[in-house]
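Here the structure comes first, spelled out in structure tokens, and everything after it is commentary.
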Amino acid sequence: MHKKNFSSETILNNLRIDALNEMQSTTIDAFEKANNLILLSPTGSGKTLAFLLPIVNALDATNKKSQALIIVPSRELALQIESVFKAMGTGLKVTTCYGGHKREIEENNLIQPPALLIGTPGRLADHIRRENITTDSIQTLVLDEFDKSLEAGFVEEISFIVSSLPGVQKRMLTSATESIEIPEFLNVADAERINFLPENEAPKEALSIQIVQSPEKDKIDTLFKLLCYVGARPSIIFCNHREAVERVSQLLTEKGISTTFYHGAMEQKDREVALAKFRNGSINFLVTTDLAARGLDIPHIRYI
């Protein structure tokens with residue numbers, strides 16, 4: 001059993017969080033007792049902290065090997081988790097590996113093993129095959145948003161990664177939906193299941209879905225007219241890629257609509273500023289990728 005090196009109170013102060021919510025407290029207590037845990041909780045409920053705190057509490061600051069691994073379906077989510085871990089102020093090394101990032105940079109970062117590894121399945125599997133990652137010291141495994149990894153077709157890569165982790169003692173899977181079939185290779189048949197998904201929860205307001213046809217392939221003019229029509233109400237505009245996010249934001253700004261954009265490749269400070277502007281109402285339109293926005297808690301959204 002590892003010695004606890006870090007104060008949870010100090011970590012929460014560093015994160016500017018007064019107290020954990022019920023889901024987080026329940027999950028943390030359960031993961032201290034159970035070796036395998038499945039957490040079902042809605043997007044935006046704080047699952048990241050629910051698994052990062054137990055990981056930090058289990059890390060041994062004197063151990064110079066990698067001790068924990070978090071597998072995620074997207075680079076945006078990987079970067080988001082990395083930013084939260086760094087904000088905790090432990091001073092421990094974390095390395096994030098994902099497609100689209102220069103492998104050489106990651107290889108250099110892996111020369112001195114990080115206490116925590118975060119990554120997407122394909123890139124992690126590649127590093128393991130190249131023997132850039134020493135896996136026998138990893139004791140804690142988290143598969144965050146595992147349902148999304150299944151949807152993205154990462155089963156083969158995840159199976160390979162899991163088979164390369166002989167020392168894992170604790171496993172946690174998180175999902176925002178119950179409709180997932182968990183493969184046998186994860187060895188979590190005896191897992192404790194914590195379910196914070198709402199049951200038959202009636203929406204506060206009826207959700208209206210409308211389709212707006214664009215007469216042109218480039219939909220920016222149609223989007224501009226739509227935003228003019230709906231007015232300055234808090235709205236999120238989703239794009240497929242971060243390049244499209246910046247382009248759409250710039251074009252709308254040039255047309256006189258003030259926007260801010262948010263994606264996983266931005267510096268943490270810039271992301272925080274963008275969200276602060278949107279949350280405090282100084283900007284009413286946030287342009288982002290759907291993956292980058294997963295896990296964000298932004299109330300009072302009128303249009304998407």
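Counting in our numbering, the sequence shown runs from 1 upward without gaps. Just so it is clear, CB atoms sit at the ideal spot from N, CA and C, and this is done for glycine as well.
query, result
"Span of the alpha helix (DSSP H), counted from its first residue to its last, around Ser-249", "242-254"
"Under the three-state DSSP convention, the category Ala-276 falls into", "helix"
"Reduced DSSP category for Phe-261 - H, G, I as helix; E, B as strand; rest coil", "strand"
"Nearest-angstrom beta carbon gap, Val-188 and Ile-182 [assumed within contact, 8 Å]", "6 Å"
"Start and end residues, alpha helix (DSSP H) containing Val-128", "Correcting the residue identity first, residue 128 is Ile in this sequence and not Val. Where Ile-128 is concerned, the enclosing alpha helix (DSSP H) stretches over 121-129."
"Whole runs of the alpha helix (DSSP H) within the region 102-177, excluding any shorter than 4 residues", "103-111, 121-129, 146-151 and 155-163"
"Which of helix, strand or coil DSSP assigns to Thr-289", "strand"
"Opposing strand residues paired with Ser-8 [DSSP bridges]", "None; Ser-8 has no bridge partner."
"Val-94 - DSSP class collapsed to helix/strand/coil", "strand"
"Arg-16, DSSP secondary structure in three states", "coil"
"Arg-302, DSSP secondary structure in three states", "coil"
"Status (buried if at least 16 other CB within 10 Å, exposed otherwise) for Ile-309", "Here the chain has residues from 1 to 304 only, and residue 309 is not among them."
"Buried or exposed by the 16-neighbour rule on C-beta atoms within 10 Å, applied to Arg-233", "exposed"
"Outcome for Pro-113 when other beta-carbon atoms lying within 10 angstroms are tallied against a minimum of 16", "buried"
"Selection from Asp-144, Ser-164, Phe-31 and Asp-190 that minimises the alpha carbon distance to Thr-177", "Asp-144"
"Distance cut-off 7 Å: Ile-158 Cβ against heavy atoms of the ligand ADP", "In terms of ligand content, the structure shown is empty, and the ligand ADP therefore cannot be addressed."
"Burial state of Cys-97, where buried means 16 or more other Cβ atoms lie within 10 Å", "buried"
"For Lys-277 and Thr-260, believed in contact at Cβ under 8 Å, the rounded distance", "5 Å"
"Helix, strand or coil at Arg-271 according to DSSP, with G and I counted as helix", "helix"
"Touching by the beta-carbon criterion (3+ pairs, under 8 Å), the region 44-51 and the region 109-129", "no"
"Coil, strand or helix - Arg-75 by DSSP", "helix"
"With 16 other Cβ atoms within 10 Å as the buried cut-off, status of Lys-204", "The pLDDT assigned to Lys-204 is 49, lower than 50, so where the model puts this residue is not dependable, and the model offers no usable value."
"Asn-284 - DSSP class collapsed to helix/strand/coil", "coil"
"Residue closest to Leu-186, alpha-carbon to alpha-carbon, out of Ile-161, Thr-289, Ser-8 and Phe-196", "Ile-161"
"Segment contact, 8 Å Cβ cut-off, at least three pairs: the region 165-175 with the region 123-142", "yes"
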